[in-house]
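**Student:**
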Amino acid sequence: KITVGNLPSLDADPFQMRQLLQNLIENALKYHRPETPPIIHLDSQPSQNGCWKISVQDNGIGLDEKFSERIFIPLERLHGRSSYKGTGIGLAICKKIIVRHGGSISVTSRLGEGALFTVILPKRQATSPESNISQSA
29 KITVGNLPSL DADPFQMRQL LQNLIENALK YHRPETPPII HLDSQPSQNG CWKISVQDNG
89 IGLDEKFSER IFIPLERLHG RSSYKGTGIG LAICKKIIVR HGGSISVTSR LGEGALFTVI
149 LPKRQATSPE SNISQSA
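Using my numbering, you'd call the opening residue of the sequence shown number 29 and step up by one each time.
Take a look at the structure:
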């Protein structure tokens, strides 16, 4: 079950925002608890300094907080390939998208209790995301 609260209209690259949300939702679906139907909730609220706080919360397997930074490193996986399919780049792509848009992403979680991904994005971009991409390529 996926529920969506109020999501903002952003001054951001629409393809990258779609990729961001798709990766976070796919991640939540992939790491659900086998005996429990997945529940994912997306929502947002205004944050400090002219930003939006967007949250993606699930009831999946969760993770130990000590890995909360490691999961955003390209090709890092907390589980073997035989346990969960994937390449280990989905969350790294999310972080790259957010950084290119001048924001941040973090996760709070407890093992067995799901995860809450929090994205902070400026309401207005200082420069266009496309120019950031070409500069970093």
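For every residue, glycine included, the Cβ atom is placed at its ideal position computed from N, Cα and C.
Just the C-alpha distance for Lys58 and Lys81, rounded to the nearest angstrom, thanks.
**Tutor:** Looking at the two C-alpha atoms, the distance is approximately 24 Å.
**Student:** Tell me the DSSP bridge mates of Ala143?
**Tutor:** According to DSSP, Ala143 bridges with Ser137.
**Student:** Indicate the three-state DSSP secondary structure (helix, strand or coil) for Gln50 in the structure shown.
**Tutor:** Helix at Gln50.
**Student:** Helix, strand or coil: how does DSSP classify Gln76 here?
**Tutor:** Coil.
**Student:** Since Thr6 sits in a beta bridge, which residues does DSSP pair it with?
**Tutor:** This structure cannot settle anything about residue 6, because the visible part of the chain is limited to 29 through 165.
**Student:** Are the segment 36-43 and the segment 56-71 touching, with three or more C-beta to C-beta distances below 8 Å?
**Tutor:** Short answer: they don't touch.
**Student:** Under the rule that 16 or more other beta-carbon atoms within 10 Å means buried, what is Phe100, buried or exposed?
**Tutor:** Per the 10 Å Cβ criterion, buried.
**Student:** In terms of residue numbering, what span does the alpha helix (DSSP H) encompassing Arg128 cover?
**Tutor:** It spans Gly118 to Arg128 - the alpha helix (DSSP H) in which Arg128 sits, taken as one unbroken run.
**Student:** Opposite Asp101 in the DSSP bridges: which residues?
**Tutor:** With the sequence shown as reference, residue 101 is identified as Ile, and Asp is not the correct amino acid for it. Ile101 is not bridged to any residue.
**Student:** Once DSSP output is grouped into helix, strand and coil, what is the label at Pro150?
**Tutor:** Looking at Pro150 - three-state DSSP - the assignment turns out to be strand.
**Student:** For my contact list, Gly90 and Ser137 are in at a C-beta cut-off of 8 Å; report their separation, rounded to the angstrom.
**Tutor:** That pair is a contact at about 4 Å.
**Student:** Have a look at Val127, Gly118, Leu35 and Leu149 and flag the residue whose alpha-carbon is nearest the alpha-carbon of Glu54.
**Tutor:** Closest by alpha carbon: Gly118.
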